[in-house]
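Each residue of the sequence shown is one higher than the last, beginning at 34 in the working numbering.
C-beta: ideal position from N, C-alpha, C; glycine also.
The structure presented is a predicted model; accordingly, all values stated were derived computationally and were not measured.
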Amino acid sequence: MFTGIIQHIGKVLSVKSTVNGKTFSISVDNSQFSGFDTVKIGDSIAINGLCTTVVSLAERSFSVNLMNESLKHSCLGDFKGGEPVNLELAMGVADRFGGHIVSGHIDTVGTIQKITEDGFSRIFAIECDTHYVVQKGSITLNGVSLTVSSLENGLVEVSLIPHTLQNTIFKHLKAGDKINVEYDILAKYIEKFTVLDHNKVEKTSKIDEKFLIENGF
Numbered sequence: 034m035f036t037g038i039i040q041h042i043g044k045v046l047s048v049k050s051t052v053n054g055k056t057f058s059i060s061v062d063n064s065q066f067s068g069f070d071t072v073k074i075g076d077s078i079a080i081n082g083l084c085t086t087v088v089s090l091a092e093r094s095f096s097v098n099l100m101n102e103s104l105k106h107s108c109l110g111d112f113k114g115g116e117p118v119n120l121e122l123a124m125g126v127a128d129r130f131g132g133h134i135v136s137g138h139i140d141t142v143g144t145i146q147k148i149t150e151d152g153f154s155r156i157f158a159i160e161c162d163t164h165y166v167v168q169k170g171s172i173t174l175n176g177v178s179l180t181v182s183s184l185e186n187g188l189v190e191v192s193l194i195p196h197t198l199q200n201t202i203f204k205h206l207k208a209g210d211k212i213n214v215e216y217d218i219l220a221k222y223i224e225k226f227t228v229l230d231h232n233k234v235e236k237t238s239k240i241d242e243k244f245l246i247e248n249g250f
């Protein structure tokens, strides 16, 4: 599990493609990436919000394998060498919970429609499916935990402060860029349980007009 607080900006060293998927090598500055020295093969690292498993490790880099399913449902398949990426280590039990619950499972890919300046904040308008999005709720974009500032006409708007811009790849993004989207998992669970309860009532209830008449109502 992750919290959407980016710990480091890495860089894509290489991308190797096979019929089974792609292998990405990511370079890091281990003097600036707190906790990287504790990473082991098999550990989880979120790359632009996608939970990946470390398959090889060096002092200043690591590699992950992405299967075709992950590539199909995220924008990581478009990565090229030299591209910056947001990185977050999996959350430890005793870590501070700085963002919100982030699973690292990408729900959809959105498109940045426009970027505007508002005082010291920068507003990003993202076109994506908004079924699970609520205004002032949480959303994860490229692995960053953000608050929805506006929701209208199929566009999700988020406002980023200078600190977030400086410490994530959002400072490099422009209109037209694709972006990984993960919805708030609580919204998805609530819908799931609500639909299940509704279906259960519909299937098990035997009270109808005939039953009421037969019982004197």
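If you draw a straight line from the C-alpha of residue i to the C-alpha of residue j, how long is it?
i: THR227; j: ALA208; result: 37 Å
i: TYR222; j: ILE194; result: 30 Å
i: PHE112; j: LYS55; result: 10 Å
i: GLY176; j: GLY68; result: 18 Å
i: GLU190; j: ARG93; result: 35 Å
i: GLU224; j: VAL166; result: 12 Å
i: CYS84; j: SER136; result: 7 Å
i: SER192; j: GLU150; result: 9 Å
i: GLY125; j: GLY75; result: 15 Å
i: LYS204; j: LEU198; result: 5 Å
i: LEU219; j: VAL142; result: 19 Å
i: GLY187; j: ALA158; result: 10 Å
i: HIS196; j: GLY131; result: 14 Å
i: SER89; j: CYS161; result: 34 Å
i: ILE156; j: LEU104; result: 27 Å
i: ALA91; j: GLY110; result: 23 Å
i: ALA127; j: SER182; result: 30 Å
i: VAL61; j: ASN53; result: 26 Å
i: SER64; j: GLY82; result: 22 Å
i: ILE139; j: PHE153; result: 29 Å
i: ILE59; j: LYS73; result: 15 Å
i: ILE39; j: GLU116; result: 16 Å
i: VAL214; j: GLY170; result: 14 Å
i: LEU179; j: LEU206; result: 16 Å
Would you give the residue range spanned by the alpha helix (DSSP H) that residue i belongs to?
i: LEU104; result: 101-105
Using the three-state DSSP reduction, which class does residue i fall into: helix, strand or coil?
i: ASP111; result: helix
i: LYS225; result: helix
i: THR36; result: coil
i: ASN98; result: strand
Taking DSSP's pairing of strands, which residues face residue i in a bridge?
i: THR141; result: VAL214
i: HIS41; result: LEU120
i: LEU179; result: ILE172
The beta strand (DSSP E) with residue i in it runs from where to where?
i: SER60; result: 54-60
i: SER251; result: Nothing about residue 251 can be reported from this structure: the residues present for the chain run from 34 to 250 only.
i: ARG129; result: Per DSSP, ARG129 belongs to no beta strand (DSSP E) and is neither H nor E.
i: PHE157; result: 154-160
i: ILE74; result: Taken as a continuous stretch (DSSP letters only), ILE74 belongs to no beta strand (DSSP E), as it is neither H nor E.
i: THR163; result: Counting along the chain, THR163 falls outside any beta strand (DSSP E), and DSSP gives it neither H nor E.
i: SER136; result: Premise fails: SER136 is in no beta strand (DSSP E) and is neither H nor E.
i: SER64; result: Element bounds for SER64: n/a, residue is neither H nor E.
Is there a Cβ of chain C sitting closer than 8 Å to that of residue i, yes or no?
i: PRO117; result: In the structure shown, chain C cannot be found, because there is only a single protein chain.
Continuous beta strand (DSSP E) assignments of at least 3 residues falling wholly in the region 181-223: As far as the region 181-223 is concerned, its whole beta strand (DSSP E) runs of at least 3 residues are 188-193, 211-216.
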